[in-house]
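Engineer: Chains as they are written, first to last, in the numbering used here: chain P, 1 to 166; chain W, 167 to 332. C-beta atoms are modelled at their ideal positions from N, C-alpha and C, and glycine is treated no differently. Following this message is one structure expressed as structure tokens.
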DNA sequence: TATTGTTATACTCTATAACTATA
DNA sequence: TATAGTTATAGAGTATAACAATA
């Protein structure tokens with residue numbers, strides 16, 4: 001997951017004006033968005049490695065976890081919470097259904113909608129993968145103290161929680 | 167850029183067991199990766215809005231900025247620094263060339279490579295867009311103090327700088 | 001008239017294979 | 001034999017339009 005330049009130029013040019021050997025990236029490195037994106041990419045890279053045995057991407061784990069923690073959640077609610085467009089959820093839900101992890105039941109008060117529920121197998125897999133994610137979170141932030149980790153999350157929330165002061 | 171659920175269910179179900187109205191997302195919200203990704207998406211959203219007049223995406227600004235700050239940088243160095251695969255850089259470089267923002271010159275010591283340089287027009291546009299980005303960075307983090315902003319960047323770097331302790 | 005879930009489709013982003021010219 | 005730059009292309013991710021059933 002290293003993003004460092006791994007092929008520096010061997011022979012520097014004679015005068016030192018052309019062809020830089022070490023790249024000045026200070027401006028981008030001073031931006032919150034740049035650093036947040038790189039941190040997210042780094043953590044997600046580890047996530048994908050450890051989740052490969054379960055056939056889960058980040059979004060799959062997120063969907064299964066939200067269904068497990070919110071029995072009866074609708075597709076529209078998943079869509080809003082995870083910022084996934086409804087058409088792009090259809091395939092994921094169908095795949096989890098065919099894997100026997102979740103099931104649909106009629107919504108009690110809205111016949112257009114359907115409640116989503118984990119099956120016992122889905123419940124087990126969710127608990128297992130949640131433990132994996134908790135462990136990887138711990139590993140990914142092992143250079144941070146518990147206080148620093150809490151501070152980091154709090155500061156990140158301050159950045160993206162602008163209109164929704166909940 | 168709000169990611170909050172904007173269509174809560176109107177009538178709660180009779181027994182309160184089915185069809186949750188408020189979604190429990192506490193597990194995902196406790197993960198650094200989740201929060202870093204949302205912060206990055208929020209900042210990038212504002213970035214795209216303000217850069218639209220210039221026809222720049224994040225990657226276009228990054229490329230032009232690195233060339234301006236590192237005259238003679240090669241395509242391969244851009245590729246490594248920004249984690250963009252070489253084939254995906256070709257079109258961007260060509261487009262900036264046809265916009266008259268950058269130019270290629272022979273590399274002084276390696277005839278396979280080409281040094282990239284900003285033109286005067288490219289230099290002007292880089293300075294202008296860099297000022298826009300600096301302003302948006304300030305706006306995006308206006309809920310943070312200067313100390314908090316520096317702390318945030320430092321903590322993010324601790325997360326993604328694992329092997330490259332530069 | 002608006003919303004849920006869905007199909008079909010387009011667009012963007014990212015990744016892989018293979019080629020040339022040079023090292 | 002390896003690297004810089006390039007072409008062509010494949011795949012994943014994300015977005016829009018439109019529809020039937022229901023509110």
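1. At a Cβ threshold of 8 Å, is residue 295 (chain W) touching chain P?
2. Considering only C-alpha positions, which residue in the set W:231, W:235, W:225 is nearest to residue 249 (chain W)?
3. Short check: CB of residue 269 (chain W) to CB of residue 285 (chain W), under 8 Å?
4. Check for me: the alpha helix (DSSP H) holding residue 87 (chain P) runs from which residue to which?
5. Along chain P, which residues have their Cβ under 7 Å away from the Cβ of residue 190 (chain W)?
6. Among W:310, W:213, W:282, which has the Cα closest to the Cα of residue 262 (chain W)?
7. Assess, as a yes-or-no matter, whether the segment 310-325 of chain W is touched by the segment 220-237 of chain W under the definition of 3 or more beta carbon pairs within less than 8 Å.
8. When you compare only the Cα positions, how much space is there between residue 159 (chain P) and residue 217 (chain W)?
9. What does residue 324 (chain W) touch in chain P if you count any residue whose Cβ is under 7 Å from its own?
10. Note down the Cα distance separating residue 168 (chain W) from residue 72 (chain P), rounded to an integer number of angstroms.
11. Does any residue of chain P have a CB that is nearer than 8 Å to the CB of residue 201 (chain W)?
12. What is the rounded straight-line gap between the Cα of residue 264 (chain W) and the Cα of residue 139 (chain P)?
13. Please compile the residues from chain P whose C-beta is within a distance smaller than 8 Å of the C-beta of residue 288 (chain W).
14. In the DSSP assignment, what are the bridge partners of residue 271 (chain W)?
15. Does the beta-carbon distance from residue 121 (chain P) to residue 100 (chain P) come in below 8 Å?
16. How would you label residue 33 (chain P), buried or exposed, when you count the other beta carbons within 10 angstroms and need 16 or more for buried?
17. Whose C-alpha, out of W:322, W:235, W:210, W:191, is nearest the C-alpha of residue 142 (chain P)?
Structural biologist: This is what the structure gives:
1. The count along the second chain starts at 1 and reaches residue 295 (chain W) at position 129. Cβ-Cβ to chain P under 8 Å: no for residue 295 (chain W).
2. Here residue 249 (chain W) refers to the residue found at position 83 of the second chain. Nearest option by C-alpha distance: W:225.
3. Your numbering for residue 269 (chain W) matches position 103 in the second chain. Your numbering for residue 285 (chain W) matches position 119 in the second chain. Taking 8 Å as the Cβ cut-off, residue 269 (chain W) and residue 285 (chain W) qualify as a contacting pair.
4. Working through the first chain from its first residue, we reach residue 87 (chain P) at position 87. That run of the alpha helix (DSSP H) goes 86-98.
5. Looking up residue 190 (chain W) in the second chain gives position 24. Neighbours of residue 190 (chain W) on chain P, chain order: 69, 70.
6. Taking the second chain and counting its residues from 1, the one referred to as residue 262 (chain W) is at position 96. Out of W:310, W:213, W:282, W:282 has the C-alpha closest to the C-alpha of residue 262 (chain W).
7. no
8. Here the question's residue 159 (chain P) lines up with position 159 in the first chain. Here the question's residue 217 (chain W) lines up with position 51 in the second chain. The alpha-carbon atoms of residue 159 (chain P) and residue 217 (chain W) are separated by roughly 19 Å.
9. For the purposes of this step, residue 324 (chain W) is taken as residue 158 along the second chain, with counting starting at 1. The contacting residues are 143, 144.
10. Along the second chain, read from residue 1 onward, the residue named residue 168 (chain W) stands at position 2. Along the first chain, read from residue 1 onward, the residue named residue 72 (chain P) stands at position 72. Only weak support exists for where residue 168 (chain W) lies, its pLDDT of 33 falling under 50; the value from the coordinates is given anyway. Roughly 24 Å between the two C-alpha positions.
11. Indexing the second chain from 1 puts residue 201 (chain W) at position 35. Residue 201 (chain W) counts as touching chain P.
12. Working through the second chain from its first residue, we reach residue 264 (chain W) at position 98. Working through the first chain from its first residue, we reach residue 139 (chain P) at position 139. Roughly 46 Å separates the two Cα atoms.
13. To locate residue 288 (chain W), count along the second chain from 1; it is residue 122. Per Cβ cutoff of 8 Å: no residues; residue 288 (chain W) is ~15 Å from chain P at best.
14. Translated into positions along the second chain, residue 271 (chain W) becomes position 105. Per DSSP, W:281.
15. Numbered from its first residue, the first chain carries residue 121 (chain P) at position 121. Numbered from its first residue, the first chain carries residue 100 (chain P) at position 100. Cβ atoms of residue 121 (chain P) and residue 100 (chain P): closer than 8 Å.
16. By 1-based counting over the first chain, the position of residue 33 (chain P) is 33. Residue 33 (chain P) comes out buried.
17. By 1-based counting over the first chain, the position of residue 142 (chain P) is 142. Among W:322, W:235, W:210, W:191, the Cα nearest to that of residue 142 (chain P) is on W:322.
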